[in-house]
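> Sequential numbering of the sequence shown, starting at 1271, is according to the working numbering. Don't be surprised by glycine CBs; every beta carbon is placed ideally from N, CA and C.
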Amino acid sequence: MLAEMTWSRPRHGLAAAAVALVSIALGSCGGDGDPQGPPPPPPPPPVAPVPAGTIPAQVVTAGLTITVDVTPFFRDPDGGTLTYAAASSDDAVVSVALAGSDLTMTAVAAGTATVTVTATDPDGLAATQSVQITVEPEDDDRAGFRDDFATRASLADWNVRGGTVAIVGGILYVTRSEAGQVAVAERWFDLTSWTLRTRLGRAESLGVVSVYLDTEDDRYSILDLSIGIQSYDYRLRVFDSQQENFVVISDWSGYSGAIHDGAGELTDFTLGYDGEDFIGVAGDTELFRTPISEASINGTPLHPILDRVTRIRLLSRGSDNTSAIFDWVELFGIESSASTTQAPGARPAADSSAKDLVDEAIENPERPAPTRGASRNTSKP
1271 MLAEMTWSRP RHGLAAAAVA LVSIALGSCG GDGDPQGPPP PPPPPPVAPV PAGTIPAQVV
1331 TAGLTITVDV TPFFRDPDGG TLTYAAASSD DAVVSVALAG SDLTMTAVAA GTATVTVTAT
1391 DPDGLAATQS VQITVEPEDD DRAGFRDDFA TRASLADWNV RGGTVAIVGG ILYVTRSEAG
1451 QVAVAERWFD LTSWTLRTRL GRAESLGVVS VYLDTEDDRY SILDLSIGIQ SYDYRLRVFD
1511 SQQENFVVIS DWSGYSGAIH DGAGELTDFT LGYDGEDFIG VAGDTELFRT PISEASINGT
1571 PLHPILDRVT RIRLLSRGSD NTSAIFDWVE LFGIESSAST TQAPGARPAA DSSAKDLVDE
1631 AIENPERPAP TRGASRNTSK P
């Protein structure tokens, strides 16, 4: 009797469970017999903008301005359009203004200030980046120039040879347009104890961007800074007029992740005198620092060679129809006591057509040797 009671209850429970499951299944059907799918998932929450790279630190002389397009330094994962705001930690040192994504920083007085840029997406989410700006005091003996290539008016200060130049979006494009002909934009000055700062790159992966600085040395007449070459990330060399060839300065050439030489990428580069040292800096990375009194090439001290420069040449030296790109260029130093009065950037009257032939031979080693006794450079780009 007890055994029958024990087995009868589970059977009754299983039957009830079966009926309940059938009822649930039937109850989930609509009146037309079609099943209803699960509700759609809620949309994902908005994602805040994120920094992209780092806005490079700047060193600028009081009274000058720097303009930076901040668009490349932020990214919105949702694809929204970002708006920007900026603030300076010390308006007495650096003042800021924004026009769209163009950040203009004005060096007011000597000191250091931090500029903070905020990018905000349509949902009100934001990201920030900060950049340190060091302002150097004005020096009555300091001379030189800065060109931000903000408008085509900048081109009036540059002589162009062997190609074409254009300013697009505040960027100078120096383009090779003739087979075998290097494109050159050049201007003149006469400075000692100089420092070159520039933001430069190449528009195409087959391009080579170079900056030539003319010295007044009888033998080593040109200092060449190049990026985009196969053998180095950055390379410095001097032209040996006796050997009719460029000589690489190995201690000032090498490899660094601070050099951005991809197509369309830009690198901030500083080259020149820093007190008693000669330095090379890419972005925030010091590539080399050498006491100038100890630097030499082939046993010849470099200080007497490099101390005075009289011309800058911006060159595109890659494949045909490739461009060297420059966001800005500045070169400051002490005006040489040997300089003659001339309009800023103007070509000295003493420059001769014979010098042009030598220039062409150096800039275009693959072209036929020039006539009228000019030497031919046999080095490779």
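1) Please state if the CB of P1319 and the CB of R1345 are separated by a distance shorter than 8 Å.
2) Beta-carbon separation of A1377 and T1331 under 8 Å?
3) With a threshold of 6 Å on Cβ separation, who are the neighbours of D1393 within its own chain once the five nearest residues in sequence on each side are excluded?
4) Let me check understanding here. Comparing Cα to Cα, which of A1528, G1307 and R1472 lies closest to L1587?
5) Considering just the uninterrupted stretch of the alpha helix (DSSP H) at L1576, what are its terminal residues?
6) Nearest CA to the CA of T1560: which residue from D1348, D1510, F1509 and G1545?
7) Can you name, in chain order, every residue of its own chain whose Cβ lies under 8 Å from the Cβ of L1536, other than the five neighbours on each side?
8) Tell me whether the beta-carbon of Y1504 lies closer than 8 Å to the beta-carbon of L1557.
9) Count the other CB atoms within 10 Å of the CB of S1480; is the residue buried (16 or more) or exposed (fewer)?
10) Could you tell me which residues DSSP puts in a beta bridge with N1429?
11) Contact defined as beta carbons within less than 8 Å: I believe I1437 pairs with L1425. What is the distance between those atoms, to the nearest angstrom?
12) Based on the DSSP output, what are the partners of N1568 in its beta bridges?
13) Checking the sheet assignment: what are the DSSP bridge partners for Q1512?
14) For L1541 versus L1466, is the C-beta spacing smaller than 8 Å?
15) Using a Cβ-Cβ cut-off of 6 Å (strictly less than) and excluding sequence neighbours within five positions of W1428, which residues of its own chain qualify?
16) Does the Cβ-Cβ distance between L1495 and V1508 come in under 8 Å?
17) Could you name the residues that DSSP lists as bridge partners for I1562?
18) Beta strand (DSSP E) containing Y1490: first to last residue?
19) Does the distance from the C-beta atom of G1603 to that of S1463 stay below 8 Å?
20) Using 8 Å for Cβ pairs, my map puts V1599 next to T1485. What's the rounded Cβ distance?
21) Taking all protein chains shown into account, do 16 or more other C-beta atoms lie within 10 angstroms of the C-beta of R1413, making it buried, or fewer, making it exposed?
22) Are the Cβ atoms of T1445 and S1593 separated by less than 8 Å?
23) Thinking C-alpha only, which one of W1522, G1527 and G1569 is nearest F1548?
24) What does the alpha-carbon distance come out to for the pair G1323 and R1489?
25) What are the residues that DSSP puts in a beta bridge with W1598?
26) Do V1405 and V1338 come within 8 Å of each other at the CB atom, strictly closer than that value?
27) Taking the beta strand (DSSP E) that L1368 belongs to, which residues open and close that run?
28) Per DSSP, what kind of secondary structure is A1380 in: helix, strand or coil?
29) Short of 8 Å in beta carbon distance, which residues of its chain neighbour S1475, apart from the five on each side in sequence? Order them along the chain.
30) In whole angstroms, give me the CA-to-CA distance for V1551 and A1528.
31) Grab the span of the beta strand (DSSP E) containing A1400 for me, first residue to last.
32) Quick one: measure Cβ to Cβ for V1238 and V1366, integer angstroms, because I've assumed they're closer than 8 Å.
33) So the candidates are Q1306, I1403 and R1581; which of them puts its Cα closest to the Cα of P1326?
34) Can you find the residues in the same chain that come closer than 6 Å, C-beta to C-beta, to V1430, ignoring five residues on each side of it along the sequence?
35) May I ask which residues mark the beginning and end of the beta strand (DSSP E) holding S1358?
36) Taking only three categories from DSSP, how would you classify L1291?
So, from the data block:
1) yes
2) yes
3) P1316
4) What sits at residue 1587 in the sequence shown is Arg, not Leu. The candidate whose alpha carbon is nearest that of R1587 is R1472.
5) H1573 to L1576
6) G1545
7) R1469, L1470, G1471, H1530, I1595 and D1597
8) yes
9) buried
10) E1456
11) 7 Å
12) Its beta-bridge partners do not exist; DSSP assigns none.
13) Q1512 is not bridged to any residue.
14) yes
15) A1455 and R1457
16) no
17) Paired residues: none, contrary to the question.
18) Y1490 to I1497
19) yes
20) About 18 Å separates the two Cβ atoms, so there is no contact after all.
21) In the sequence under discussion, the amino acid at residue 1413 is Ala, which differs from the Arg named in the question. With 16 or more Cβ atoms within 10 Å of its Cβ, A1413 is classed as buried.
22) yes
23) W1522
24) 42 Å
25) R1469
26) no
27) V1364 to A1369
28) coil
29) G1532 and A1533
30) 9 Å
31) The identity of residue 1400 in the sequence shown is Ser, whereas the question assumes Ala. Residues A1396 to E1406.
32) For residue 1238 there is no data in the structure shown, the boundaries of the chain being 1271 and 1651.
33) I1403
34) A1455
35) T1353 to S1358
36) Residue placement at L1291 is flagged as unreliable, the pLDDT there being 45, under the threshold of 50; a coordinate-derived value is accordingly withheld.
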